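Asks:
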Amino acid sequence: MPSLKWIKAEGRPQIFAVYKKITSIGRAGGNDVSIRDADLADYHAQVVFDGKEFTLAEVDRHGELRINGKKKRRGKLLHGDRLTVGDVELQFSIFDETVGLDDDDDDVGPDREAELAGLRKLHEFSERLMSSESLDVQLAALMDAIIEVTHAKKGFLILLEDGQPRVTIARNLNQQDLPDAVAHLSDSILQKVIAARRPLIVSDALHDTQFKSAESVMNLQLASVMCAPLIAQGTLLGLLYVGNDDVRALFEESSLDVLTIFAGQASLILQNALLLDELKSDRDALVEQLGTRKFGDIIGSCTPLMEVFVKVDKVAATNINVLVTGETGTGKELIAREIHRRSPRVDAPFVVVNCGAIPENLMESELFGHVRGAFTGAVATRNGRFQAADGGTLFLDEIGEMPVALQVKLLRALQEKIVVKVGDTKPEPVDIRVVAATNRDLEEEIQKGNFREDLFYRLNVVNLHLPALRERGDDVVLLAKFLLNKYTEEFNSKVKGFTPNALIALKKYDWPGNVRQLENRIKKAIVLCDKTLVGPEDLDLFPEALSPIQSLAQAREDFQRRYILEVLERNNGNRTKTARDLGVDPRTIFRYLEREPDAPEPTSGTAKD
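Going by my numbering, the sequence shown opens with residue 1, and the numbers climb by one from there.
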């Protein structure tokens, strides 16, 4: 293989392979023959091989160049010729010689050597990423590494914004930022790579058939250029662009391979940065939304919930009893606590009684207390929950589970505001405000004889009905993001957010367990998910878990049936009046009643037809 031998004043000679069409010589690190000598220009000269002959040509007109002692600007090279570049003496050989950069290097081919150099530099850069936090620092370090390993003179990282290229990083060989970066780029080459989405190498842009007529190429007098796309998950994020206008045919295919590898690394950095920016923006938006869509500890802004908030504000300052209804997991206790928090009783106790969790034989003692010896195990006198809540608020959760026998005593305590301990006869006055909650239909329970009507009216002075999660629209997404942020911090998890498909699945799912079910699903996903983004599969929201979509005809039919039965009930089962109110033929009412076994029966003395 042809070579140039650097004959040093001291030490062993150093041999450089001449294997490319153009071999650059100079002081800069990007040269094929890089010699740190003050008399050399950054890009001093180049050896050009046209397939038959080797020619030495100047690159920097201020740099001195001699062949066998004769000053030349350009001259043919023969085996054994001595070249003087500045004060550096080189000897040209047409035959194979041992090539190495130092004594310990293995004898490797030029392509393999370029590949190894690129891999070493990529490894060094990857290590630097572990300690660099700033995106700008990472990208500048990436560009410096690319320039060094490809022997380019300048490099640019270009991002696409709304389809238009914008220079983000522009660096030169000396690891300095380049001013007026756009002026160094060829629009024609950029557009070619954007359109093809493939890496491109241009050995001599001024004489390239594709680009020689391009205005930007002619104006910039471009020589060697490489450009590679930055693609992540099929999306074109931007481009890496490197060039050297002093040396033609500087870049080989191995150089393009190295640039492509670095482009893959840059794509990952940018994708992560864009994801983090998106998550940060999402988090900031969440904080802003919570400021306007949070009522105490309750999050949401759907119309039914906003109506509840308005009522809470109005009733909180009073002492009237409130009944909170809604499915399990809709946040009834949170509403009760918010009523207490906004009331004049805020500094007094808020006492919770779960009527469904206390055994029936202990319920009276739990509510009103007992005296010593009142029953087996009553070894000391003890106050009940009513006494504990004196001056504050008593929250009777799952009031529909309370035994009928105890409902009478509860009604008396609410009416007279006195309680009597089990085993005692002395009444004790209590000053409490009662908030009750249930997921049952108490009016239906009254009809069944399971709940006292007088107690219902005593508790249901104001009714607050909480909508199910499936009825709250976009609230489910806001709640999910809030819960994710809360528990990722609590569990110290690497999870950062939801995938787009997960957000779609969250809104489509019926959520029979409401907010409690949503919270548990998110906790599970955070603990078990191995990715940074939670997908629908992590939430167990597979397609088969979603409610089937009804046809429009079936949905219309279901609505009409429900509405007819509602009006029929209001008319006490009078089918003729119902048909007249609805403006339909009575036979329409009969048709729906034939399909509906639970249709209301007409009351005594009311005509059916």
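The beta carbon of each residue, even a glycine, is placed where N, CA and C say it ideally should be. These numbers come from a predicted model, not from an experiment.
#1: Would you mind working out which of Val419, Pro344, Gln14 and Gly535 sits nearest Pro500, comparing C-alpha positions?
#2: Does the pairing of the segment 561-576 with the segment 522-536 give three or more beta-carbon distances under 8 Å?
#3: Here's the rule: buried if 16 or more other CB atoms are within 10 angstroms of the residue's CB, otherwise exposed. What is Ile589?
#4: Mind checking whether Leu256 and Cys227 have CB atoms under 7 Å apart?
#5: If you count every other CB in all the chains shown that lies within 10 Å of the CB of Gln391, and 16 or more means buried, which is it?
#6: Using alpha carbons as the reference points, say which of Ala553, Ile335, Gly331 and Ile194 lies closest to Val310.
#7: Evaluate Pro429 with the Cβ neighbour count: other Cβ atoms within 10 Å of its Cβ, from every protein chain shown; 16 or more gives buried, anything less gives exposed.
#8: Could you check what DSSP says for Met363 in three-state terms: helix, strand or coil?
#9: Tell me the DSSP secondary structure of Gln14 in three-state form.
#10: Taking the alpha-carbon positions, what's the Asp454 to Glu401 distance?
#11: What residue range is occupied by the uninterrupted beta strand (DSSP E) comprising Asn463?
#12: Strictly by DSSP, which residues pair up with His370?
#13: I'd like to confirm the pairing. Which residues does DSSP put opposite Gly243 in its beta bridges?
#14: I'd like to check one pair, Glu398 with Asn354: are the Cβ atoms closer than 7 Å?
#15: Ala232: which of Leu160, Lys448 and Thr303 sits nearest, CA to CA?
#16: Return yes when the Cβ of Leu240 is within less than 7 Å of the Cβ of Ser186, no when it is not.
#17: Taking contact to mean at least 3 C-beta pairs separated by less than 8 Å, is the segment 251-266 in contact with the segment 136-154?
#18: Distance cutoff 7 Å, beta carbons only. Does Thr488 sit that close to anything in chain D?
#19: Alpha carbons only, please: which of Ala389, Leu464 and Arg385 is nearest the one belonging to Lys332?
#20: If we count Cβ pairs, one from each stretch, closer than 8 Å, do we get three or more for the segment 458-478 versus the segment 312-326?
#21: What is the DSSP secondary structure of Lys20, counted as helix, strand or coil?
#22: Could you compute how far the alpha carbon of Gly264 sits from the alpha carbon of Pro165?
#23: State yes or no: is the C-beta of Leu483 within less than 7 Å of the C-beta of Ile446?
#24: Alpha carbon to alpha carbon, how far is Arg382 from Val371?
Replies: According to the structure data:
#1: It is Gly535.
#2: Verdict: no, contact absent.
#3: Looking at its Cβ environment, which holds 16 or more other Cβ atoms inside 10 Å, Ile589 is buried.
#4: The Cβ atoms of Leu256 and Cys227 do not sit closer than 7 Å to each other.
#5: The sequence as given places Gly at residue 391; Gln does not occur at that position. Classified as exposed, Gly391 has fewer than 16 neighbouring CB atoms from the shown chains inside 10 Å of its CB.
#6: Nearest to Val310 by C-alpha distance, out of Ala553, Ile335, Gly331 and Ile194, is Ile335.
#7: Within a 10 Å sphere around the beta-carbon of Pro429 sit fewer than 16 other beta-carbons, which makes this residue exposed.
#8: Note: Met363 maps to helix in three-state DSSP.
#9: It is a strand residue.
#10: Roughly 16 Å between the two C-alpha positions.
#11: Per DSSP, Asn463 belongs to the beta strand (DSSP E) from Val462 to His465.
#12: Arg382 and Val422.
#13: Paired residues: Lys154 and Val225.
#14: A contact, by the Cβ cut-off of 7 Å.
#15: For the residues Leu160, Lys448 and Thr303, the minimum Cα distance to Ala232 belongs to Leu160.
#16: Taking 7 Å as the cut-off, the Cβ atoms of Ser186 and Leu240 do not count as close.
#17: A contact exists between the segment 251-266 and the segment 136-154.
#18: Within the model displayed, chain D is absent; a lone protein chain is all it includes.
#19: Residue nearest to Lys332 within the set Ala389, Leu464 and Arg385 is Leu464 (criterion: CA-CA distance).
#20: With a cut-off of 8 Å on Cβ pairs, the segment 458-478 is in contact with the segment 312-326, counting three or more such pairs.
#21: Of the three classes helix, strand and coil, the one that applies to Lys20 here is coil, per DSSP.
#22: Here the C-alpha atom of Gly264 lies approximately 18 Å from the C-alpha atom of Pro165.
#23: No, they are not a contact pair.
#24: When rounded, the distance between both Cα atoms is 6 Å.
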